[in-house]
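According to UniProt numbering, the sequence shown holds residues 1 to 509 in order.
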Amino acid sequence: MDGQVEIEDLWRFAESNENHFPIFRKFFEEVDDPSVRSKLVISTLDANSFFQRHIADLGFSSREEIDEENKQQTRSLLSRVEHLHEAATEARKDSDFVSGLDLGKLQEGLVEIFLCCLDQDWSNILGLYKNVSMFETLIKHLLRDDPNVSWLRWQLDLTGSLAEQAQVPDMSYREGICSMNVYPEYDIMLSVLNVTLSLSERSIIYTDHPGFVHLYVPTLPKGNENLLKLMTLRDSKYYFSALNFKNAIYRMVSELKMTSDQSMGLEMEDFELKIGPHGPAIQMDEAYSDDESPFLSYDVVPAIRFSSWPACCQEWAQRKRLWPPQTLVDEIIQEGFHLVPKVSSPQGDEELDWRFSFSKAEGKLMTAEGLGKRNYCYRIFKMAIKENISSTCSLLTSYHLKTLLLWASERQPPARWSDENLSVCFLGLLDDLLHSLLNGSCPHYFISDLNLFSNCSTDHLHYLARQVSAIRKYPLKHLKRPGEDPKEAYDNFIGAMKEWKDMDYDEIK
C-alpha cells in the first residue's frame, strides 16, 4: 500500500507544471502494468533531475529565467548587430598585412556570412537539453537493470560542443540557395570512480606514447566476479582491461532500443537505432529507416574518473600565462581527470591502452566568464573551417581548433576578445592553424608533449595548409560559397527583425 501511495505522490508531480516532460504522462496513461507505470514515474523524475542540472550548468536557476533571457536576446539582436557594425567602423583604421583587406570590411563580411554564429538560441538549446535528458534517463535505466554494471556507481556528464556552447549548424547549398540545419551531436561521458574498481594513482603506468597509460592491478579483488571480468592477464601481471570495460558498456547500450520499446510501450516500426564504435566512444544514431542521415547522434564515452591531478600535467598547473586565472586553474585541478579506452596508434594495444581525457576541464575553460566575445569569434572560425575544409577532409577536427583557441587564450589578455577585434582575432586563429599544419605540430593543451598531429602524414598536413593559406590570403573570396549572396540574406534578415522589433515577444515566438 505504501508503494502505491508513493507512486501516486510522485505522479502528482508528473502532472504538475513543474514537469518538463509531459510525454511520460501520455505513456503512463496508455500502460496498465503497475511495474511499468512505476518505472515511468521514476523515469519522469530522472529526466527532470537531469534537465534541472543542465539548466544550472548553463548558469540559470530555472527554465523561466532562460525564457526571459531568450526574450531579451531577441529584443536586443538588432542592437548587437549595430554594435558590431560600429566596431567594424573602428576597425577600419587598420588593414591586414597579408591580404591587404580593410579590417572593417572583413569584419562586416564575417558578420554577414556567419550571422548564424552570433548568439546562442536559448529556445533551441533547451530543446537539445531535453533530448539529452531523455537519453540520459534511458541510460540510467539500463545501468540500474544490467547486473554486469549495476553494482557500480555511475556518473553521467554532458561534454563536447553543446556543453561548451560552441555548436555551429551545418550549411547546405543547392542552386545558389543556402540552408542551415542543426544535427545535434551529444557527447555523454559515462564514468565510474577509480576506487570502486580497486584502482589508485599508483595503478597508472605511463607508456612511451605521451597521454596514454596502462592500468596495473597489483592485488586482485576478492569476492567480486564482475570486477574480475574487467581484468586481463599479461606477462603474469593483471591489468584493468580497456577492451573489456568498453565492451561491457557496449553490450549494455545495445539493449537500448529494445528496453525503450518495452518500457515506454512505443510503436517505432519506422525508427532505427544504429550502434557502433567511434574512437573511445560508442556512437548511437537515431534515424528513420528510409533516411541515411541521423536526426540525433549520441557518443557515449565510458571512462574512469580520478579525483587527483596527473603527474604529466603538472606543467599546465604551473606555467605562466595571461589566462585562465589561478582560481579557475585550482578548480579544474580539484575536479581531477578521466581515462578513456583508446589505442595510442593504429599499432597500439587495444586491450591495455587508456588515454587521458580532460573533457570536463575543457568545458569549464570554454564557458568561463570574462572573455568578452571569444566564443563568438571561435564559432565563426570553427564554421569557416568546417564549411571550407573539414567537410571534405576528416583529418582536421574541431578538437584541433579548440586546442588552438585555448593556447591563443593563454597568450592574449581577455580584453583582446572584443567586437572591435573580431577580424584580427579571426585572422590570428587562421595564422595559428596555418603555422601548426606547416610545422606538423599541435601540442595538446594539457599535455604539451602530446602532438595531436603525430599520426598525420606530412603530405596530408601540407595539403590542408594550402587550403588554409588560400583562405588566409583571400578571406572573403573563399568564405563566400559559389552562387551565395550573404549580403542579400543578411539584409533580408535584418529587415525582418526591424519589422518585428516592436511586436510582442509571444507573437514573434
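The beta carbon of each residue, even a glycine, is placed where N, CA and C say it ideally should be.
Since we're looking at a predicted model, the values are computed, not measured.
Go ahead and pull the three-state DSSP assignment for residue i.
| i | result |
| --- | --- |
| threonine 44 | helix |
| alanine 166 | coil |
| aspartate 432 | helix |
| tryptophan 151 | coil |
| leucine 405 | helix |
| tryptophan 122 | helix |
| glycine 127 | helix |
| tryptophan 412 | Sequence inspection shows glutamine at residue 412; the tryptophan mentioned does not correspond to that position. Three-state DSSP puts glutamine 412 in coil, outside helix and strand. |
| tryptophan 354 | strand |
| glutamate 369 | coil |
| valine 192 | strand |
| aspartate 157 | strand |
| aspartate 32 | coil |
| serine 423 | helix |
| aspartate 102 | strand |
| tyrosine 378 | helix |
| glutamine 95 | Here residue 95 is serine; the residue named in the question, glutamine, does not match the sequence. It is a strand residue. |
Roughly how many angstroms separate the alpha carbons of residue i and residue j, rounded to a whole number?
| i | j | result |
| --- | --- | --- |
| valine 424 | cysteine 377 | 10 Å |
| tyrosine 239 | tyrosine 463 | 41 Å |
| valine 111 | threonine 367 | 22 Å |
| methionine 231 | serine 241 | 5 Å |
| valine 41 | histidine 83 | 49 Å |
| isoleucine 508 | isoleucine 125 | Reliability fails at isoleucine 508, whose pLDDT of 38 lies under 50, so the model's placement of it is uncertain and the value that follows must be treated cautiously. Approximately 18 Å, taken between the alpha carbons. |
| serine 390 | lysine 237 | 43 Å |
| histidine 214 | serine 297 | 30 Å |
| glycine 109 | leucine 430 | 16 Å |
| asparagine 224 | proline 218 | 16 Å |
| valine 149 | isoleucine 304 | 13 Å |
| alanine 317 | alanine 408 | 17 Å |
| glycine 211 | phenylalanine 356 | 6 Å |
| aspartate 33 | lysine 39 | 10 Å |
| leucine 143 | proline 310 | 29 Å |
| histidine 278 | threonine 159 | 15 Å |
| lysine 130 | proline 147 | 28 Å |
| leucine 433 | methionine 383 | 14 Å |
| arginine 12 | arginine 37 | 13 Å |
| glutamate 331 | threonine 89 | 40 Å |
| tryptophan 122 | leucine 227 | 43 Å |
| cysteine 456 | tryptophan 354 | 20 Å |
| glutamine 165 | aspartate 94 | 31 Å |
| asparagine 17 | glycine 348 | 53 Å |
| valine 192 | isoleucine 333 | 18 Å |
| histidine 85 | serine 79 | 10 Å |
Is the Cβ-Cβ distance between residue i and residue j less than 8 Å?
| i | j | result |
| --- | --- | --- |
| lysine 364 | tryptophan 417 | no |
| valine 168 | arginine 472 | no |
| serine 140 | aspartate 57 | The amino acid occupying residue 140 in the given sequence is lysine; serine does not appear at that position. The answer is no: Cβ separation not under 8 Å. |
| tyrosine 250 | isoleucine 204 | no |
| alanine 415 | leucine 438 | no |
| leucine 101 | alanine 91 | no |
| threonine 207 | leucine 152 | no |
| isoleucine 380 | phenylalanine 426 | yes |
| histidine 478 | asparagine 388 | yes |
| leucine 162 | glutamate 136 | no |
| proline 221 | serine 198 | yes |
| proline 302 | lysine 229 | no |
| alanine 87 | aspartate 459 | no |
| serine 436 | leucine 404 | yes |
| cysteine 313 | phenylalanine 446 | yes |
Between the options, which lies nearest to residue i when the distance is taken from Cα to Cα?
| i | options | result |
| --- | --- | --- |
| glycine 127 | Leu479, Asp67 and Ala91 | Asp67 |
| lysine 360 | Ile188, Ile205, Ser61 and Phe114 | Ile188 |
| threonine 44 | Leu452, Leu138 and Glu90 | Leu138 |
| glutamate 350 | Asp96, Leu115, Leu243 and Gln72 | Leu243 |
| glutamate 343 | Glu86, Gln314 and Pro280 | At residue 343 the sequence reads valine, which differs from the glutamate that was named. Here the closest residue by C-alpha is Pro280. |
| glutamate 185 | Met284, Pro221, Val253 and Ser254 | Met284 |
| lysine 324 | Lys274, Glu362 and Asn455 | Residue identity check: residue 324 is proline in the sequence provided, not lysine. Comparing Cα-Cα distances from proline 324 to each of Lys274, Glu362 and Asn455, the minimum goes to Glu362. |
| histidine 20 | Val31, Arg53 and Ser35 | Arg53 |
| arginine 411 | Leu322, Gln347, Ser469 and Asn451 | Leu322 |
| cysteine 393 | Gln467, Gly440, Gly276 and Leu233 | Gln467 |
| asparagine 48 | Gly59, Arg63 and Leu422 | Arg63 |
| lysine 105 | Leu422, Leu452, Ser469 and Phe446 | Leu422 |
| glutamate 154 | Lys320, Leu233 and Val300 | Rather than glutamate, the amino acid found at residue 154 in this sequence is tryptophan. Checking every option, the nearest Cα to that of tryptophan 154 belongs to Val300. |
What are the partner residues of residue i, as DSSP defines its beta bridges?
| i | result |
| --- | --- |
| asparagine 451 | Pro443 |
| phenylalanine 337 | Phe306 |
| threonine 232 | Tyr239 |
| residue 514 | No answer is possible for residue 514: it lies beyond the span of the chain, which begins at 1 and ends at 509. |
| phenylalanine 212 | Arg355 |
| tyrosine 298 | Tyr186 and Met284 |
| tyrosine 250 | Paired residue(s): none; tyrosine 250 is not in a bridge. |
| tyrosine 206 | Val213 |
Does the ligand HEM have a heavy atom nearer than 7 Å to the CB of residue i?
| i | result |
| --- | --- |
| glutamate 387 | Looking at this structure, you won't find the ligand HEM or any other ligand, since it has none at all. |
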